[in-house]
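Asks: The opening position of the sequence shown corresponds to residue 11 in my numbering, with each subsequent residue numbered one higher.
First the structure, which I've put down as structure tokens, then a few questions once you've had a look.
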Amino acid sequence: VVPMYDFNYNGKRDKLGGFAAFDFNALNLYRETGTDTRRMAFRPRWDRPFNGPFGELYNASVSLAADAYHASNVIRDDGSKFTGSSARVVPRAALSWRLPLIRPGENYSQTIEPLASLVAAPNGRDSDKIPNEDSQELEFDETNLFQENRFDGFDRVDRGIRLNYGVNWVLTGNKNGSSSVFLGQSYRPVADTT
């Protein structure tokens, strides 16, 4: 892998009360046999957090996955090989909500927090002309239930409309120790084969 370049930017609060962020990745992966991949991935994003009148916390965001690839010897779904350029642009909008309810006590405190988010992106799947080098497995668990893109890398993009919801309960001792339970689910109106 020569070169691989990552750039990440997180801005300060702007005049609209939001935060801009930008991720960029460039990769050149060469193999003597197999697939060669050259990638440029752009991930601009804007988040606007705000509070509701009852203590609820919201975050509205818009983001874009814009990627360009040039690959050699990519094995497509039909078994044929592809060499050439491909690109994709996937816009996404999301709104998340949570309501932390805290009950302090003499020896411990409890927090019950219902959470929900709605993520909207175009339906579809990634082209079989785009090699998958860094998103081989999708581990779906409590750590990424509310993430807008559940894939770890750049080569696959989570698409479609999703409604995620759950509740988090935390019991914290005032001197030490804590326990937590999280229950959640993700609902998709249109099935996604990935």
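From the three backbone atoms N, C-alpha and C, an ideal C-beta is built for every residue, glycine too.
Please list the segments of the beta strand (DSSP E) lying wholly inside the stretch 73-121, counting only runs of 3 or more residues, in order along the chain.
Replies: Listed in chain order, they are 91-108, 111-114.
Asks: In three-state terms, what does DSSP make of Ala-131?
Replies: Walking along the sequence shown from the start, residue 131 turns up at place 121. Correct three-state label for Ala-131: coil.
Asks: Say whether the stretch 65-76 touches the stretch 89-106, bearing in mind that this needs 3 or more beta-carbon pairs closer than 8 angstroms, one atom from each stretch.
Replies: yes
Asks: Considering only C-alpha positions, which residue in the set Val-200, Asn-69, Ala-126 is nearest to Arg-55?
Replies: By 1-based counting over the sequence shown, the position of residue 55 is 45. With distances taken between Cα atoms, Arg-55 lies closest to Asn-69.
Asks: Report the rounded CA-to-CA distance for Val-129 versus Gly-176, giving the unit in angstroms.
Replies: Along the sequence shown, read from residue 1 onward, the residue named residue 129 stands at position 119. Along the sequence shown, read from residue 1 onward, the residue named residue 176 stands at position 166. Cα-Cα distance, rounded: 15 angstroms.
Asks: Kindly list the residues whose CB is nearer than 6 angstroms to the CB of Phe-92, restricted to its own chain and excluding five residues on each side of it in sequence; keep chain order.
Replies: Counting from one through the sequence shown, the residue named residue 92 turns up at place 82. The residues are Val-84, Arg-86, Lys-139.
Asks: Is the separation between the beta-carbon of Asp-33 and that of Arg-48 shorter than 8 angstroms?
Replies: What you label residue 33 is simply residue 23 of the sequence shown in a count that begins at 1. What you label residue 48 is simply residue 38 of the sequence shown in a count that begins at 1. Not in contact: Asp-33 and Arg-48 (Cβ atoms no closer than 8 angstroms).
Asks: Kindly give me the distance between the Cβ atoms of Asn-133 and Arg-160, rounded to whole angstroms, as I take these residues to be in contact under 8 angstroms.
Replies: The count along the sequence shown starts at 1 and reaches residue 133 at position 123. The count along the sequence shown starts at 1 and reaches residue 160 at position 150. Going by Cβ atoms, the distance from Asn-133 to Arg-160 rounds to 16 angstroms, so no, they are not a contact pair.
Asks: So, helix, strand or coil for Ala-51, using DSSP?
Replies: Taking the first residue of the sequence shown as 1, we reach residue 51 at position 41. If DSSP states are grouped into helix, strand and coil, Ala-51 belongs with the strands.
Asks: Does chain B have any CB closer than 8 angstroms to the CB of Arg-53?
Replies: In summary, chain B is missing from the structure at hand, where a single protein chain is found.
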